[in-house]
Amino acid sequence: MSPVLETRGLDKSFGSLAVARNIGIALPRGVRYALIGPNGAGKTTLINLMTGMLHPDGGQIMLDGEDITALGPEERVRRGLVRTFQINSLFPHLNPLEAVTLTICERERIARTWWRPTSDYRAAIDEAYGILDSLMLGPVCTRETRELPYGQQRLLEIALALATRPKVLLLDEPAAGVPREESSELFTAITSLSQDITVLFIEHDMELVFRLASRIIVMVGGGILLEGTPEEISADPRVREVYLGGAHG
Amino acid sequence: MHRAMTGLACLATIFLATASANAQSTVKIGVIMSYSGQFADTGTQISNGMKLYMKEHGDTVAGKKVELMPKDNGGIAPDVAKRLAQEAIVRDKVDMIVGFDLTPNALAAADVSAQAKKFMVNMNAATSIITTKSPYMVRTSFTVPQVNESLGTWAYKSGARKAYTLVSDFSPGHDGEQAFQRAFKEAGGEIIGSARYPVANLDFTAFLQRAKDMSPDVIYIWVPGGPQPAAIGKAVAERGIDLNKTKVVGQGELTFDEALKGMGDAGLGFITAFHYDHNHQSAKNKKFVADYNAEFKRNPDMFSVGGYDGMHVIYEALKKTKGDTDGDALIAAAKGMAWESPRGPMSIDPETRDVVQNIYIRRVEKVGGQLLNVEFDKLDNVKDPFKARMPKQ
Amino acid sequence: MMTSLLGVLFDGFAYGMLLFLLSVGLSVTLGMMNFVNLAHCTFGMIGGYATVTLMNAWGWPFLATLPVAFIAAAMISVVFERTMFRRLYRASDLDQCLLTIGLVFVSVATAAFIYGTIQQPVQLPGYLRGSVHIGGVTLGVYRVFLIVFALAVSGLLVAALEFTRFGAQVRAAVDNQRMARGLGINVDGAFAITFALGSGLAGLGGALAIDIVGLDPSFALAYLVYVLIVVACGGLGSIGGTFAAAVLLGISDMAGKYYFPAIGSFMIYFVMISLLMWRPSGIFGRR
Amino acid sequence: MTPTDPATAAPAPTAPHPHMAAQVRWRTVEYVFWLATLLPFVVAPDYLALASQIAITALFALSLDLILGYAGIVSLGHAAFFGFGAYAAGLVSKWGWGEPLSGLLIAGLAAGLLGYLMSFVIARFRHLALIMITLGFGLLLLEAANSASGLTGGADGLQGVKMWPVLGLFKFDLYGFTAYWYALIVLFVFFLMARRLINSPFGLSLRGIRENPVRMRAIGAESGPHIRKIYTIAAFMAGVAGAVLTQTTETVSLGVLDFQRSADILVILILGGAGRLYGGLIGAIIYMIARDWFSGVNPQYWYFPIGVLLIAVVLFLPNGMLGGIAQLIDTVRGRRWFGWLTSPPPWLRSGSKP
């Protein structure tokens, strides 16, 4: 089965610092990938490169077999390559219902309409509410985002991404800052997403990674160290070395 | 001075409340000009002139109490001027509108004067056409062609053949440029170059260097006052322009008092044409200057005398009409009025309702350690030449 | 041709120096605390009036008034900072705009009340007037003085920021405020001092500007636009950028007026727009 | 824009449709406000000229609110469109077509076209660069109008503006009667339009751009076209406001393009409260009346009380009059009934900080 997202020889450096070196990965449809590695390994940079927030110095990015290297971030999202942010990047003064409805309106290209009230678009609102409800945000969907507890804001990050109908979802530390007992819930929500969606997530909690990911990519110093099933990764001596000798436990 | 203003304004408010009761015994005058912003000093001086006249002649004329209602126009804003004029007439029930420091404001208010048939005294705005906009308007300042054509004629007469003109790039400047060039060329001179500097320009070195490079006999400069004259004076000195070889001439604003203080000896020898200066030698003016200094601790200028003579027209016209404030009656009374002003003899042209006066040619000289504009030539009873050329209606 | 070019460059440079002194404080404080201080030129005006008062009322020599202009502006600015500005560091920049424009209004009215609306005259000492001729180029003595003075001040400023502990703290705070706080730097304190310094420089600029551009109560508003232009073109928090922008704008303004008098007034805006389109964060801007 | 108290809303099953619909519904306060705009006819017939200029300023402020309060574009050159519309309306009349309504449309279209052209530049910039570019364009236009004195009359102002009666029936009178109802109706029409706009999906997207432009890209939304569109609409409205000023006063001068006008309208909007639809209206009413009153009492130093007013509002009523007053009321009552008024407090920290 051909990969839904593939990178070929991605390179990126800032001055003399190489943050991405010859990165080639291929994600098949519906797989749950974890991207791990010590701090500064280039994980977030890789997501930025794939989603078009950074321009690579060299290499290619393919989505569904099409070269999307030259496309802007918006166009990549429209084609189904969507991300979330490690640090909440939400709309503080919109409520979740408005934020998700906004995303759906943009997706459906009705966001240009300025003569009909938003409330006329019942289908969009229903869909927005459906997504929020599936992420347990239904009861709070009319409260301003900035007033929501942190954990619910993390869920809203995912809700916004889902509202774009992604093929590939790149989650940058979705549970960052969430207490452990809640992060488990959050990941349950992630794994129960539709099997049509390919998920790649960055996570530091190894227990969660090994429990939830079907495959794992290990990055070190801007390059891919190895890629494999959780069993293969946990057995690999190089990974042990990186983690025992590295900065992160 | 400040307290006087506030007091006056408070009084005005109180009177407003009891207006209907006193309507018969007061003459209300809406004073519309800039009391704040870039042109605030103009308003201050006009207002000082008016107040001095009222102090000297009492605030009652023809049995009626004269009451000023000042309104701040805040700069170039004809829309505001028009509204203030409307409000003054409609709300405050004033009998006449006076003041007007800037041409666009005067033009806009003139519409209201014409429509409401109210007497209007333009005490400053100097563009020629203004008085044609309302048949109820007189002017007590001067017109740009009146001064600058006189200057152009005089410059040629004094021996200059090649002139360079440098004017502020907005309409009054353009008018001054046109007037000077017209008269200078008509007399037989040649304009070898001209430039217009940006309205807000404050550094004139580049312009004057350019003028100097063309070595004209005379450099004509038009400035609207403010900080620019001093800056020009300094730039002339810095560029090393020799005033014996190249005359620097302009309308009176170029050598205002503050300008002379700022430029110091650099200003010596500048020649200007104007209708008034506090150094004008006459008994009437000596007293005026002394009283003015006693009252406001500074010298009067052309704005002050515009306000002073404006009040004179108002008082005399009211005397003639015996207190009748009807626009037609007042304008009829004002037409042809002639009197001795601090600036010398002046009159209101019965045809155009515009000012007729002497234009003095003055040179900056040091008198008793002080820089003064010393009159050394004059043109008598000059009418606005622009209107003289206009086809008779 | 060559001499006129040199003359224009010289005059433009002198004008640029004036703009630099008036603007540099705003650039640093804006870069450091993100505080939008539209009242910056008010401090320039305070410096100007300090000089005028000392010279005309007490007969001080011009040069002796300059330090007082600096100190007066700096001290008054500290009072404003402590009593009002600091409450708004975390407020929206629109609120900051409103507060500082309110201050400008108040200061304009106060100046008009105390000094009247009249243009303030200042008579320079003889040795600063007139001009010198060097190789066919006429140089105004005051402009030479202005350039030397401003260069010395900027030299001092750069040295203070580069080589002192306080300077290092300020640079750290401009670069990354959060990090600087984390390192235990008293950012608020450093800011207060920087703010006073910047306002003092504006005061100095205001005093030096009287002879070239005059002084009346509208100074606080009239020069705001030029200062904003210089700050934006230079890049926030960059002294070098502010210097470069001030010189560039001063020279292009002067050259525009000399060589293309018909479009002289467009020049400064035109240069600014093109520059910002090319480099939206200013000449040496980082963001 | 949360009309319901979250405390009471939470337990009940949240109903998304009524929530969205409630935003569009007219509130009692709004009916009261618009009825109150008719009061000058009855209570202060001597103040109609001032009232009409307040209505014009309110329309101008509303147009700035659309780009600043809703899309987060800070502009220091908005007078460019006001002035362009004012001159367009003046020229149309001077060239012999004095019919007001069509003049209004022509002026609006002219300003809108200028706004559309400029929007391509505007959409590419943010922060201080954006502010300064708008300021620069504004001043360039002012200089151009001054230079083209053959067309604009330069500093003397445009002469020969004569308006025909509105609808052929109502002459612009000395009392400002026609001027006020004319300006008020134009304001109301455009207010309805703006109100409709901000409650539409497009309005939602604008708020998204204001709140977080980076996130907009990450949900696949291009901000550029939205910004171009709202900028054009706002320019159109500002042009109409300028045209109404020209038509009701029959004068135009360089003052309409002044930096001062751009700065004033920004002050007015912030004073009232940006991003609140009524903010610009309230700001215009308060600022203009205060100014008229202060300068009536003391024409020389009225800047002082106005400055004190601005400072006091910032220090004691952050988020402008509307925001501050609504917060006060809520604090006093211990409820958030007026939450819909306060809804966007200081968003600019993350939004358009230069």
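Residue numbers (our numbering), protein chains in the order written: chain L, 1 to 249; chain A, 250 to 642; chain P, 643 to 929; chain F, 930 to 1283. From the three backbone atoms N, C-alpha and C, an ideal C-beta is built for every residue, glycine too. As the structure is a prediction and not an experimental result, all values here were calculated from the model.
F/LEU1113 and F/THR966 closer than 7 Å at C-beta: yes
In chain F, which residues lie with their C-beta within 9 Å of the C-beta of L/SER184? In chain order: nothing, as chain F lies at least about 25 Å away.
List the residues that DSSP assigns as beta-bridge partners of A/THR414. Note: A/THR414 is bridge-paired with A/SER443 and A/TYR469 in the DSSP secondary-structure output.
Neighbour list for F/MET1047 in chain P, Cβ cutoff strictly below 9 Å: Within 9 Å Cβ-Cβ: nothing; F/MET1047 doesn't reach chain P, min ~11 Å.
Indicate the three-state DSSP secondary structure (helix, strand or coil) for P/ASP737 in the structure shown. helix
Would you kindly report the start and end of the unbroken beta strand (DSSP E) that includes P/LEU857? For P/LEU857, there is no enclosing beta strand (DSSP E), since its DSSP letter is neither H nor E.
Bridge partners - L/GLY228, DSSP secondary structure assignment: L/ILE216
Pairwise C-alpha distance: A/ARG340 and A/ALA270: With a pLDDT of 41 at A/ALA270, under the threshold of 50, the predicted position of this residue should be treated as unreliable, though the coordinate-derived value follows. Cα to Cα, the separation comes out at about 15 Å.
Taking a Cβ distance cut-off of 8 Å, strictly less, list which residues of the region 86-116 of chain L are near chain F, in chain order. SER89, LEU90, PHE91, PRO92, HIS93, LEU94, ASN95, LEU97, GLU98, ALA99, THR101, LEU102, THR103, CYS105, GLU106, ARG107, ILE110, ALA111, ARG112, THR113, TRP114, TRP115 and ARG116
Take every Cβ of the region 1161-1180 of chain F, pair it with every Cβ of the region 1000-1018 of chain F, and state whether three or more of those distances are shorter than 8 Å. yes
Residues from the region 1205-1239 of chain F in contact with chain P, defined by Cβ distance under 8 Å: GLN1229, TYR1230, TRP1231, TYR1232, PHE1233, ILE1235, GLY1236, VAL1237, LEU1238 and LEU1239
So with CB distances below 9 Å, who are the chain F contacts of P/GLY744? Chain F residues near P/GLY744: VAL1196, ILE1235, GLY1236, VAL1237, LEU1238, LEU1239, ILE1240, ALA1241, VAL1242 and VAL1243.
Does the beta carbon of A/GLY331 sit closer than 7 Å to a beta carbon anywhere in chain F? For clarity, residue 331 of chain A is Lys in the given sequence; the question names Gly instead. For A/LYS331, the answer is yes, since a Cβ of chain F falls inside 7 Å of its Cβ.
Pull up the CB-CB distance for F/LEU1198 and F/GLY1208, whole angstroms please, since I reckon it's below 8 Å. Going by Cβ atoms, the distance from F/LEU1198 to F/GLY1208 rounds to 6 Å, so yes, they are a contact pair.
Alpha carbon to alpha carbon, how far is P/PHE908 from P/ALA692? Give it in angstroms, no decimals. 33 Å
Counted within 10 angstroms of its Cβ, other Cβ atoms place A/ALA587 as buried (16 or more) or exposed: exposed
Give me the DSSP bridge partner(s) of A/VAL623. A/ARG612
Contacting residues, own chain, Cβ-Cβ under 6 Å from A/LYS366 (five flanking each side not counted): GLY576
Output, in chain order, the set of chain A residues within a Cβ distance shorter than 7 Å of P/TYR769. Here the premise fails: no neighbours, minimum Cβ distance about 13 Å.
Taking DSSP as the reference, what is the three-state secondary structure of F/SER1076? helix
Mind checking A/MET560: buried by the 16 CB within 10 Å criterion, or exposed? buried
How about P/PHE685 and P/ALA844: are their beta carbons less than 7 Å apart? yes
Going by other Cβ atoms of all chains shown within 10 Å of its Cβ, with 16 needed for buried, is F/ALA1039 buried or exposed? buried
Return the residue from the list L/PRO237, L/HIS93 and L/ASP64 that minimises the CA-CA distance to L/LEU81. Checked all of L/PRO237, L/HIS93 and L/ASP64; the closest Cα to L/LEU81 is L/ASP64.
Can you find at least 3 beta carbon pairs, one from the region 1175-1193 of chain F and one from the region 311-331 of chain A, that sit closer than 8 Å? Yes: at least three Cβ pairs fall under 8 Å.
Which listed residue (L/ASP236, L/ARG240, L/PRO237 and L/THR229) has its alpha carbon closest to that of L/VAL31: L/THR229
Comparing alpha-carbon positions, which option in L/THR118, L/LEU27 and L/TRP114 lies nearest L/ILE104? L/THR118
Exposed unless 16 or more other CB atoms sit within 10 angstroms - verdict on P/LEU803: buried
What residues from the region 466-482 of chain A come within 7 Å of chain P, judged by C-beta to C-beta, listed N to C? GLY475, PRO476, ALA479 and ALA480
For P/MET717, does the three-state DSSP call read helix, strand or coil? helix
Quick check on A/TRP471: buried or exposed, where buried means 16 or more other Cβ atoms within 10 Å of its Cβ? buried
Same chain, Cβ closer than 6 Å to A/TYR302, five either side skipped, listed in chain order: TYR557 and MET560
Output yes if chain A places a C-beta closer than 7 Å to the C-beta of F/GLN982; else output no. yes
List the residues of chain F that L/LEU74 touches, going by C-beta distances under 7 Å, in chain order. Rather than Leu, the amino acid found at residue 74 of chain L in this sequence is Glu. The contacting residues are ARG1146, GLY1149, ALA1150 and GLU1151.
Residue(s) in a DSSP beta bridge with L/GLU144: Partner(s): none; L/GLU144 has no beta bridge.
At a CB distance below 8 Å, what residues from the region 333-348 of chain A approach chain F? Give them in sequence order. Taking 8 Å as the Cβ-Cβ cut-off against chain F, the residues of the region 333-348 of chain A that qualify are GLN335, GLU336, ILE338, VAL339 and ARG340.
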